[in-house]
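To keep things clear, I will list the structure first and then write my remarks on it.
There are 2 protein chains.
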Amino acid sequence: MNQLDSSPRAPYAGTNHPAHTGLGKSPLLHAAASLPSFEQQLQEFIRQPSVSSDPACRRDLRGCARWLASHLREIGIASTKVVETGGHPAVVGRIDVDPRRPTLLIYGHYDVQPVKPESEWRYPPFSGRIADGYIFGRGAADDKGQLFAHVKALESWIKTKGSPPCNVRILFEGEEEIGSPHLRDLLSKRRSDFVADGAVVSDTQMRGPGQPALTVGLRGKLAFDLILEGPRKDLHSGSFGGAIRNPLEALCELVTGFYNADGSLAIEGIYDDVAIRSSSSRRRLLLMAPSARELYEAAGVASGWGENGYSAYERVSTRPSLSVNGITGGHQGPGTKAIIPSRAVARLSFRLVPNQDPSRVADLLRRHIASRVPLDRGGQYPAFSATGLRCQIKFRESARPVKLDSNSPVISSAAEALRQTFKREPALLPSGGSIPIVETLQSMFGLQTALMGFALPTDGLHAPNEHFELKRFALAIEASIRMMDLFSKGGKRW
Amino acid sequence: MNQLDSSPRAPYAGTNHPAHTGLGKSPLLHAAASLPSFEQQLQEFIRQPSVSSDPACRRDLRGCARWLASHLREIGIASTKVVETGGHPAVVGRIDVDPRRPTLLIYGHYDVQPVKPESEWRYPPFSGRIADGYIFGRGAADDKGQLFAHVKALESWIKTKGSPPCNVRILFEGEEEIGSPHLRDLLSKRRSDFVADGAVVSDTQMRGPGQPALTVGLRGKLAFDLILEGPRKDLHSGSFGGAIRNPLEALCELVTGFYNADGSLAIEGIYDDVAIRSSSSRRRLLLMAPSARELYEAAGVASGWGENGYSAYERVSTRPSLSVNGITGGHQGPGTKAIIPSRAVARLSFRLVPNQDPSRVADLLRRHIASRVPLDRGGQYPAFSATGLRCQIKFRESARPVKLDSNSPVISSAAEALRQTFKREPALLPSGGSIPIVETLQSMFGLQTALMGFALPTDGLHAPNEHFELKRFALAIEASIRMMDLFSKGGKRW
Chain A
1 MNQLDSSPRA PYAGTNHPAH TGLGKSPLLH AAASLPSFEQ QLQEFIRQPS VSSDPACRRD
61 LRGCARWLAS HLREIGIAST KVVETGGHPA VVGRIDVDPR RPTLLIYGHY DVQPVKPESE
121 WRYPPFSGRI ADGYIFGRGA ADDKGQLFAH VKALESWIKT KGSPPCNVRI LFEGEEEIGS
181 PHLRDLLSKR RSDFVADGAV VSDTQMRGPG QPALTVGLRG KLAFDLILEG PRKDLHSGSF
241 GGAIRNPLEA LCELVTGFYN ADGSLAIEGI YDDVAIRSSS SRRRLLLMAP SARELYEAAG
301 VASGWGENGY SAYERVSTRP SLSVNGITGG HQGPGTKAII PSRAVARLSF RLVPNQDPSR
361 VADLLRRHIA SRVPLDRGGQ YPAFSATGLR CQIKFRESAR PVKLDSNSPV ISSAAEALRQ
421 TFKREPALLP SGGSIPIVET LQSMFGLQTA LMGFALPTDG LHAPNEHFEL KRFALAIEAS
481 IRMMDLFSKG GKRW
Chain B
495 MNQLDSSPRA PYAGTNHPAH TGLGKSPLLH AAASLPSFEQ QLQEFIRQPS VSSDPACRRD
555 LRGCARWLAS HLREIGIAST KVVETGGHPA VVGRIDVDPR RPTLLIYGHY DVQPVKPESE
615 WRYPPFSGRI ADGYIFGRGA ADDKGQLFAH VKALESWIKT KGSPPCNVRI LFEGEEEIGS
675 PHLRDLLSKR RSDFVADGAV VSDTQMRGPG QPALTVGLRG KLAFDLILEG PRKDLHSGSF
735 GGAIRNPLEA LCELVTGFYN ADGSLAIEGI YDDVAIRSSS SRRRLLLMAP SARELYEAAG
795 VASGWGENGY SAYERVSTRP SLSVNGITGG HQGPGTKAII PSRAVARLSF RLVPNQDPSR
855 VADLLRRHIA SRVPLDRGGQ YPAFSATGLR CQIKFRESAR PVKLDSNSPV ISSAAEALRQ
915 TFKREPALLP SGGSIPIVET LQSMFGLQTA LMGFALPTDG LHAPNEHFEL KRFALAIEAS
975 IRMMDLFSKG GKRW
């Protein structure tokens, strides 16, 4: 039996429990009864191809923002607006209940990752197909499904109580998957729209099926392209193979040089700023975190590989990493083509941990590469270097790593909401991903963020066949409803 | 004044010169007068998009073969047929003049390389656009323009003398750029169509502008794809980066492991069978061959790179090489995508020199790779190896290296024809490229081949903006006319 269902037979009678705090009709019961229509609305949301990194989707992003804003107005959040950012617009809204109550900022992102390779999708990536208790589609879990759970929680409060129990600020952005380039600017320009006492973001993962988790740390990020240029045009590899530096071969050598034999990073100084964790905190992490086997199973590999002396989970959460996300160069089509390509491009991204600074890491990277191949820095180097190659580093998005305070009201409210919803102690874990907003809220507003995630590593985030379990969608709505209630009471009512 | 122009004031009166061997009307004058229409016909030939490696061009290849065959019939070679091979068809024809005269086999290929990236072409790649004395288009030089020079030489003989001075066998294939997979089969099935005393192939390069060359050696070839598979699907690099083997990173490491620091090959045993050249032959090559500077200029790079202890030209002709022709893996589209890709593919090709054997090199490669990453050989290995990776080598075309006899009648006829046409001593050079037919003719028929090339390294072979100089087209026709005459007289009439 749910705690917010106003049942006269509530099992928590006599406790501080929200079931006894005077709610009339039950937001939880409303949510449970409305699930079929909530799911249909989520389908509609997923059907908007809001791939923020794809210039061809620019209008679809805008369309998706408009759809979301109008949906929020429909459920009763009249103030909702589509707000220009200079890039893809954001959706901003607010509900003022009582200035004496705490204010919760709900953040989510309506933009999604690209879908390629489309051929590997069982259902069209923007179909929102429901099958076997799951909803399929790009964004189903990351982050449309999770964002929408908070929307439906708000709706359940509004429809049953007239309003949520706390003041609410809404910020749904459209550029998270491209590093939130305009977010800081938006937050500082519209500061008053986002003043709050705590933030909740559902864009992370659970500890495992049925095992809730709160993310209390995030890795930072530094993405960059490495571009190597050699001959002015592709050359015949028969006529020139053996005497000309091949940009693809040089790129492979550069990439290989980033790593030591165990997979740790060979860039000088890269570990200098990495926070040393106490052996007790490492032990705690080992107990709470997924085991290596769980991690590899989620990845679909039989075994792992990485920095010596650290557990698999540490390697993806408290240790920095550098991943090659893509390489393109030379012949790509069918058959063979005997060429030395004129150019090769690798796309890479660091994941950074406290207390690494993206700009310092960029410097270390520059230095590392410059010692191997002359860098092209604003014409400082000749068009072709001594080895006949030219190298360019193009930095893309970056984010600082984050460490959160698990005792803060918003995080403890979220922890309790998860406890009540899943009947299980949530795991408090650092995560390997990066969510720029969290660091921004912390550094700009001093806000703590409850990273209350409902995705599973098997949901296909950033991969083909992304999906979200409808049961988890329902639980996420339930947890959000509870969390708002707990947070409204100061976050420490139990 | 040309030697075959029947002029009463021929300057070679009293010599053995062909001008005095009874030619009536002059093939050379006919050719000179017909150049404008010859060029138009070459345009038509180039306009057929005969990309043999592209399955989408299958019908275009057939169309191109039909066009060529009907053109040969039009100029008087009635026997010409389009012959099925199991792949793209060949064009086969013959002219029997007199069984006591020598028979010349003319080989060329009407198929061409792919055109990507099309955006880099000044004119559409299949336009055959004529501008500034050049004809532009894929195949302009490799090999349609050069093949067509022999066709026009035959036409000039037929139109003026009724027939060429020697018996002729014609073989124009449509699969050279994909390694001539059906050529051996065609030659052995139709052996009698190709019995000859010598072969001429114009699919090589000149020593430089105005400097004729005969290629007296060819590197062999062994092309292969290297496929590395890791996780079953792309993974989020935040969630897994640092703990999972990334196939792209492993691919880079494998590729890097193929080379020593100087660019020489690090594959054990790879140099075992490489013929050691005498210091006198190395000196001769150094004198005749393009200098490093010339080579780098042709490549469009300021400097080179390669095996220590060898000249730039040796590195591309008498030493083996291994080129990465292309790499694809992970994110390819616009923007960033934070993934660990599930798979990475590299396309590579060896160039081999006497006395390397492609199948032995394949063994050495297999052994080299198997010592680094478990190979997937018919299920012999588990789906995922200890490092979480699976590796596959897919061998593609191969060709043995060739060394030719420069004293053979057909090569000395070609040398003299070049001397007369260009008024300059031809350079006799080994080349870095691979032309499978040459080794096949040598091993199957004991035939020597005159590799009388008219392309220049700057013609953009296998690259965007391929072109052929119309003046060189005319000189190629002239040289072919002379060569047939010289060869008909035993190849040693001067």
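Protein sequences appear in the order of chains A and B.
Take the first sequence: its position 406, counted from the start at 1, is 406 in the numbering used here, and no numbers get skipped.
Every position in the second sequence, counted from 1, becomes a number in the numbering used here once 494 is added.
For each residue, glycine too, the CB sits at the ideal point set by N, CA and C.
Here the structure is a predicted model, which is why all the values come from computation and not from measurement.
Using CA coordinates, which residue listed in the options is at the minimum distance from residue i?
| i | options | result |
| --- | --- | --- |
| Y790 of chain B | A:Y310, A:N308 and A:N246 | A:N246 |
| A908 of chain B | B:G947, B:L529 and B:P543 | B:G947 |
| P102 of chain A | A:L447, A:L322 and A:E466 | A:L447 |
| L171 of chain A | A:T215, A:L251 and A:H109 | A:H109 |
| V662 of chain B | B:E723, B:P619 and B:V645 | B:V645 |
| T709 of chain B | B:E743, B:L716, B:A717 and B:M700 | B:M700 |
| I652 of chain B | B:I540, B:A572 and B:K610 | B:A572 |
| E808 of chain B | B:V818, B:F889, B:G692 and B:A786 | B:A786 |
| F688 of chain B | B:A717, B:S805, B:D626 and B:R588 | B:R588 |
| N308 of chain A | A:S321, A:A299, A:V301 and A:A302 | A:S321 |
| N325 of chain A | B:C746, B:R884 and B:D857 | B:C746 |
If we define contact as Cβ-Cβ less than 9 Å, is residue i a contact residue for chain B?
| i | result |
| --- | --- |
| F148 of chain A | no |
| V324 of chain A | yes |
| Y123 of chain A | no |
| K337 of chain A | yes |
| S359 of chain A | no |
| R59 of chain A | no |
| E297 of chain A | no |
| D143 of chain A | no |
| S50 of chain A | no |
| D262 of chain A | no |
Is residue i helix, strand or coil when you go by DSSP?
| i | result |
| --- | --- |
| S434 of chain A | coil |
| F422 of chain A | helix |
| H956 of chain B | coil |
| I540 of chain B | helix |
| A90 of chain A | strand |
| S280 of chain A | helix |
| I971 of chain B | helix |
| I863 of chain B | helix |
| R9 of chain A | Per-residue confidence for R9 of chain A stands at a pLDDT of 37, beneath the threshold of 50, marking its modelled position as unreliable; the derived number appears in the next sentence. If DSSP states are grouped into helix, strand and coil, R9 of chain A belongs with coil. |
| G557 of chain B | helix |
| K519 of chain B | coil |
Against chain A, with Cβ distances strictly below 9 Å, would residue i count as a contact?
| i | result |
| --- | --- |
| H676 of chain B | no |
| F962 of chain B | no |
| F630 of chain B | no |
| V749 of chain B | yes |
| E933 of chain B | no |
| H603 of chain B | no |
| K715 of chain B | yes |
| Y875 of chain B | Here the model assigns Y875 of chain B a pLDDT of 39, short of 50, so the residue's position is not dependable and the matter cannot be decided. |
| P703 of chain B | no |
So, for residue i: in the same chain, excluding its five sequence neighbours on each side, which residues have a beta-carbon less than 7 Å away from its beta-carbon?
| i | result |
| --- | --- |
| Q874 of chain B | Bear in mind that the predicted position of Q874 of chain B carries a pLDDT of just 39, short of 50, making it unreliable; the figure below should be weighed with that in mind. Once the five neighbours on either side are set aside, Q874 of chain B has no close Cβ partner at all. |
| L235 of chain A | I244, I339 and I340 |
| A792 of chain B | P951 and T952 |
Is the CB of residue i under 9 Å away from at least one CB in chain E?
| i | result |
| --- | --- |
| H956 of chain B | Checking the listed chains, one finds no chain E in this structure; the protein chains it contains are A and B. |
Below 8 Å CB to CB, which residues in the same chain sit around residue i once its five sequence neighbours on both sides are set aside?
| i | result |
| --- | --- |
| G462 of chain A | The sequence shown places His at residue 462 of chain A, not Gly. Excluding positions up to five away in sequence, the list reads Q113 and D142. |
| D96 of chain A | N167 |
| Q188 of chain A | The sequence shown places Ser at residue 188 of chain A, rather than the Gln named in the question. M444. |
| Y259 of chain A | L265, A266 and L322 |
| S359 of chain A | S398 |
Closer than 6 Å by C-beta to residue i: which residues in its own chain qualify, once you throw out the five before and the five after it? Chain order, please.
| i | result |
| --- | --- |
| E155 of chain A | I75 |
| R9 of chain A | With a pLDDT of 37 at R9 of chain A, under the threshold of 50, the modelled position of this residue cannot be trusted; read the value that follows with caution. Same-chain partners within the cutoff: there are none. |
| L248 of chain A | G329, G330, P341 and A344 |
| S982 of chain B | R595, P659 and C660 |
> Which runs of the beta strand (DSSP E) spanning at least 3 residues fall entirely within the segment 684 to 751 of chain B, listed in chain order?
Replying inline: For the segment 684 to 751 of chain B, whole beta strand (DSSP E) runs of length 3 or above, ordered along the chain, are 692 to 695, 707 to 712 and 714 to 723.
>> Which complete beta strand (DSSP E) runs does the segment 593 to 639 of chain B hold, if anything under 3 residues is left out?
In response: Within the segment 593 to 639 of chain B, the runs of beta strand (DSSP E) that reach at least 3 residues and sit entirely inside it are, in chain order, 597 to 603 and 628 to 630.
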